[in-house]
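Chemist: Numbering (the working numbering), first residue to last: 46 to 547. Dumping the structure here so I can ask a few things about it.
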Ligand code: 6PG
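Have a look at this one:
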């Protein structure tokens, strides 16, 4: 029979749930755990008999709820969507006023808004918290993005701060643990209250959209080096290891260097990456980001391209068939200097990354208006410095940019990013042009460059587009010599309308 004083409860003992429970217990909190299949609970408890805080297993939801101190704090790490609703529905009759449910899954922010409202009406409190960092992050320090009732978050904050990854207050550099599992002392936790209702899950979704962009850009850099220079996987891995020492320093670049050095355990001679099938999977958070961008009318083409690149990769059979029919430019080796090209690809990657993050922050800026949130962009970049998948040195530059100007309209306009792109754009343009000339698909590099060029263009060809809309649909247009908001229409079918004589 469990002791009736667990500090917190956790439902869902899949990989993330188990690791998060152990992380919490490592920090001295007693955790009650519950899983639908009781064997899983028993196995988990048997495998972890002695943790500093202690783990308490429950075989029924009633027993689980009874084992918690009040107000009860219950973390859900179950499948997003229907299964989350089902667990919440099961909990509601067992809870009392003021108890708190915390959804740590990758929930859609609109579901979180709906759940928070429904529970609030019942006197219960709901926190939707992004949890990033995969299995290792959950175990040793994730980045946490909680949203919901601020008073409810106060009840969770000590635990969230304790288990989160930590970064140095001044430099933003992640503080490594003394050893795996030994809690980090000092530093700023990578956890901050994001905003009401679905704000935390929204920001986690943007994190994932950016993650999609980062991953695809790295793949394009790898593929360009391979296609134009013919380097082997391990040689490209060495390039990434080198890049990880500079401005591109990040978790995703670091793991890419490691992946590219990995030998295939089956053939024992090939690089593992060369025997992995080139079809990408996805669980949907990148798609949500892109659909949301379209819904709000915010240009986020680079994230969307990263999603489409995964979709295109999934058409494996079609691509294999098309490869025999559709011709590109004749294959020729790149004749220029290798080092210069590698530097150019590095610069293209960095500039594209800046644009992709600019788009992600634009989305958050628009969403805060739409949902009446006040997001702290500098703090969001700061908590992404440690623990999460997109953690990178570069995020410090974003925190600094918003420190200089919290109302920054676009990251590209910050003096650091402006100067960086200015200095590197020649290489970026060269790489995008080379990719086109050599027939190598580099959708995010190209799309980010088009975004940059579009954003810095005072007069785009939308004048012609408006004329077309007016021509076939009488949709009207505004004029450059008249105040905004005044609309005009030309009677296009009128035979006597004035024409410019060529
Ligand atoms: C994280 C990740 C994680 C994500 C997976 C898989 O922050 O820890 O973003 O939440 O779900 O990386 O995502 P896809 O299957 O969509 O690639």
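We put the beta carbon where it would ideally sit given N, CA and C, even for glycine. Computed from a predicted structure; not experimentally measured.
If we define contact as Cβ-Cβ less than 8 Å, is residue 466 a contact residue for chain D?
Modeler: As a matter of chain content, chain D is missing from the structure shown, which is built from one protein chain.
Chemist: Just the C-alpha distance for residue 359 and residue 77, rounded to the nearest angstrom, thanks.
Modeler: Cα-Cα distance, rounded: 41 Å.
Chemist: Please name the residue or residues paired with residue 174 in a DSSP beta bridge.
Modeler: Per DSSP, 191.
Chemist: So, helix, strand or coil for residue 335, using DSSP?
Modeler: Helix.
Chemist: Along the chain, where does the alpha helix (DSSP H) that runs through residue 118 open and close?
Modeler: First-last for residue 118: 118-121, but that is the beta strand (DSSP E), not the alpha helix (DSSP H).
Chemist: With distance defined between alpha-carbon atoms, name the residue in 201, 249 and 294 nearest to residue 146.
Modeler: Among 201, 249 and 294, the Cα nearest to that of residue 146 is on 201.
Chemist: Could you check what DSSP says for residue 52 in three-state terms: helix, strand or coil?
Modeler: The answer is coil: DSSP assigns residue 52 none of H, G, I, E or B.
Chemist: Buried or exposed: which applies to residue 488, given that a residue is buried once 16 or more other Cβ atoms fall within 10 Å of its Cβ?
Modeler: Buried, because 16 or more other Cβ atoms sit within 10 Å of the Cβ of residue 488.
Chemist: Using DSSP bridges, identify the partner residues of residue 100.
Modeler: Looking at the DSSP assignment, residue 100 forms a beta bridge with 76.
Chemist: If distances are taken between C-alpha atoms only, which option among 519, 492 and 345 comes closest to residue 537?
Modeler: Of the listed residues, the one whose Cα sits closest to residue 537 is 519.
Chemist: Shortest alpha-carbon distance to residue 424 belongs to which of 496, 467, 217 and 229?
Modeler: The option with the nearest alpha carbon to residue 424 is 217.
Chemist: Taking 8 Å as the threshold, find out whether the segment 367-387 comes into contact with the segment 457-465 through three or more Cβ pairs.
Modeler: These segments do not touch.
Chemist: Rounded to the nearest angstrom, what separates residue 88 and residue 438 at their Cα positions?
Modeler: So the alpha carbons of these two residues sit roughly 39 Å apart.
Chemist: By Cβ distance below 7 Å, which residues in the same chain neighbour residue 67 in space, the five residues on each side in sequence not counted?
Modeler: Same-chain partners within the cutoff: 93, 96 and 184.
Chemist: From residue 283 to residue 302, what distance separates their C-alpha atoms?
Modeler: Distance between the alpha carbons of residue 283 and residue 302 is about 6 Å.
Chemist: Compute the Euclidean distance between the alpha carbons of residue 179 and residue 187, then round it to the nearest angstrom.
Modeler: Looking at the two C-alpha atoms, the distance is approximately 8 Å.
Chemist: For ligand 1, I want to know if residue 335 counts as a neighbour, meaning its beta carbon is within less than 7 Å of at least one of the ligand's heavy atoms.
Modeler: No, since every heavy atom of ligand 1 falls outside the 7 Å radius drawn around the Cβ of residue 335.
Chemist: Tell me whether residue 391 is buried or exposed, calling it buried when 16 or more other Cβ atoms sit within 10 Å of its Cβ.
Modeler: Label assigned to residue 391: buried.
Chemist: How is the alpha helix (DSSP H) around residue 148 delimited, first residue to last?
Modeler: Counting along the chain, residue 148 falls outside any alpha helix (DSSP H), though it belongs to the beta strand (DSSP E) covering 145-148.
Chemist: With 16 other CB atoms within 10 Å as the buried threshold, where does residue 356 fall?
Modeler: Residue 356 should be labelled exposed.
Chemist: Cα-Cα, which of 378, 123 and 393 is closest to residue 60?
Modeler: For residue 60, the nearest C-alpha among the options comes from 123.
Chemist: Got a sec? Which residues, its chain only, sit under 6 Å from residue 233 by beta carbon, not counting five neighbours each side?
Modeler: Cβ within range, chain order: 212 and 214.
Chemist: Given that a residue counts as buried once 16 or more other Cβ atoms are within 10 Å of its Cβ, and exposed if not, what is residue 330?
Modeler: Classification of residue 330: buried, given that the 10 Å Cβ count is 16 or more.
Chemist: Using a Cβ-Cβ cut-off of 7 Å (strictly less than) and excluding sequence neighbours within five positions of residue 100, which residues of its own chain qualify?
Modeler: These residues qualify, in order along the chain: 66, 70, 76, 78, 90 and 93.
Chemist: Quick one: what's got a C-beta closer than 7 Å to residue 269's C-beta in the same chain, skipping five residues either side?
Modeler: Cβ within range, chain order: 390, 476, 480, 485 and 487.
Chemist: Please list the segments of the alpha helix (DSSP H) lying wholly inside the segment 450-528, counting only runs of 4 or more residues, in order along the chain.
Modeler: Segments of the alpha helix (DSSP H) lying fully in the segment 450-528: 460-483, 488-500 and 507-518.
Chemist: I need the boundaries of the alpha helix (DSSP H) containing residue 288, first residue and last residue.
Modeler: Unbroken alpha helix (DSSP H) run through residue 288: 278-288.
Chemist: Please report how far the alpha carbon of residue 510 lies from the alpha carbon of residue 370, in whole angstroms.
Modeler: Taking the straight line from one Cα to the other gives about 35 Å.
Chemist: Quick test of the definition: if touching needs 3 or more C-beta pairs under 8 Å, does the segment 163-172 touch the segment 135-145?
Modeler: The segment 163-172 is in contact with the segment 135-145.
Chemist: Just checking my contact of residue 190 with residue 249 at CB under 8 Å: how many whole Å lie between their CB atoms?
Modeler: Yes, residue 190 and residue 249 are in contact; Cβ-Cβ is about 5 Å, under 8 Å.
Chemist: Judging by CA-CA distance, which residue of 417, 195 and 237 is the nearest neighbour of residue 206?
Modeler: The candidate whose alpha carbon is nearest that of residue 206 is 237.
Chemist: Of the residues 280, 160 and 98, which one's Cα is nearest the Cα of residue 73?
Modeler: The option with the nearest alpha carbon to residue 73 is 98.
Chemist: Please classify residue 64: does DSSP put it in a helix, a strand, or coil?
Modeler: Of the three classes helix, strand and coil, the one that applies to residue 64 here is helix, per DSSP.
Chemist: Cβ of residue 363 within 7 Å of any heavy atom in ligand 2?
Modeler: In the structure shown, ligand 2 is absent; the only ligands present are ligand 1.
Chemist: Buried or exposed, going by whether 16 or more other CB atoms sit within 10 Å of the CB of residue 47?
Modeler: For residue 47, the predicted structure reports a pLDDT of 46, less than 50, and the residue's modelled location is therefore unreliable. A value from the coordinates is still provided. Residue 47 comes out buried.
Chemist: So, using beta-carbon positions, are residue 160 and residue 53 closer together than 8 Å?
Modeler: No; because the gap between Cβ atoms is not below 8 Å, this pair is not in contact.
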